[in-house]
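Undergrad: Numbering (our numbering), first residue to last: 12 to 155. This is the structure I have questions about; it appears just below.
And the structure:
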């Protein structure tokens, strides 16, 4: 089953996010209380559990949130989704706006971990429908 394995937030950009059990997503804004929330195209970031596990097999031993991701999701190859793909997370609805990102500077995450997997494997979304989410919620790709 595709599901939310972790929800992570931080008050400051460029820092590792801390895990929480639940969060509120605000339409066209992002996760309430998260530094990356705002009226732009990268409101909520997602990373596949499997990519984090692969990275940890190489000796990284990172916790969820270490790459600045908001949601850790199992069972979906996120980096293969097209821009525009809609994703239902619990009662909320997200839309993929960007696959990967260019890291212009080496942030605290890079120095702690040694590299970042977000440039190739992270995805970014905007919130189409807000609501509450929690760890264990189902994640469904919406076919149009």
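C-beta: ideal position from N, C-alpha, C; glycine also. Since we're looking at a predicted model, the values are computed, not measured.
Can you name, in chain order, every residue of its own chain whose Cβ lies under 7 angstroms from the Cβ of residue 9, other than the five neighbours on each side?
TA: Lying before the first or after the last residue shown, residue 9 is absent from the chain, which here runs from 12 to 155.
Undergrad: Between the C-alpha atoms of residue 98 and residue 107, what's the straight-line distance to the nearest angstrom?
TA: Sequence index remark: in the chain shown, residue 98 carries index 87 (1-based). Sequence index remark: in the chain shown, residue 107 carries index 96 (1-based). Answer to the nearest angstrom: the Cα atoms are 8 angstroms apart.
Undergrad: Cα-Cα, which of 31, 25, 154 and 113 is closest to residue 83?
TA: Against the chain shown, residue 83 aligns to sequence position 72. Cα-wise, what sits closest to residue 83 is 31.
Undergrad: For residue 84, list the residues DSSP reports as bridge partners.
TA: Indexing the chain shown from 1 puts residue 84 at position 73. DSSP output for residue 84 lists 15 and 59 as bridge partner(s).
Undergrad: First and last residue of the alpha helix (DSSP H) that includes residue 69?
TA: As a working mapping, residue 69 is identified with position 58 in the chain shown. Note, residue 69: premise wrong, no alpha helix (DSSP H); not H, not E.
Undergrad: Does residue 44 have its Cβ less than 7 angstroms from a Cβ in chain D?
TA: Chain labels in this structure do not include chain D; a single protein chain is all it has.
Undergrad: Given this structure, state the Cα-to-Cα distance separating residue 145 from residue 33, to the nearest angstrom.
TA: Taking the first residue of the chain shown as 1, we reach residue 145 at position 134. Taking the first residue of the chain shown as 1, we reach residue 33 at position 22. About 4 angstroms.
Undergrad: Mapping DSSP to helix, strand and coil, what is residue 28?
TA: Residue mapping note: residue 28 aligns to position 17 of the chain shown, counting from 1. The three-state secondary structure of residue 28, taken from DSSP, is coil.
Undergrad: Is residue 27 closer than 7 angstroms to residue 76 when the C-beta atoms are compared?
TA: Against the chain shown, residue 76 aligns to sequence position 65. Against the chain shown, residue 27 aligns to sequence position 16. In this structure, residue 27 lies closer than 7 angstroms to residue 76 by Cβ.
Undergrad: Have a look at residue 25 and residue 79 and give me their C-alpha separation to the nearest angstrom.
TA: Counted from its first residue, the chain shown places residue 25 at position 14. Counted from its first residue, the chain shown places residue 79 at position 68. For residue 25 and residue 79, the distance between alpha carbons rounds to 7 angstroms.
Undergrad: Starting from residue 140, trace the beta strand (DSSP E) in both directions and tell me its first and last residue.
TA: Mapped onto the chain shown, residue 140 falls at position 129. From DSSP, the beta strand (DSSP E) with residue 140 extends over 134-140.
Undergrad: Going by alpha carbons, who is nearest to residue 21 out of 81, 90, 60 and 100?
TA: Looking up residue 21 in the chain shown gives position 10. Here the closest residue by C-alpha is 81.
Undergrad: Since residue 89 sits in a beta bridge, which residues does DSSP pair it with?
TA: The residue given as residue 89 occupies position 78 in the chain shown. In DSSP, residue 89 forms no bridge with anything.
Undergrad: Quick one, which of 74, 66 and 111 has its alpha-carbon nearest residue 92's?
TA: Indexing the chain shown from 1 puts residue 92 at position 81. It is 111.
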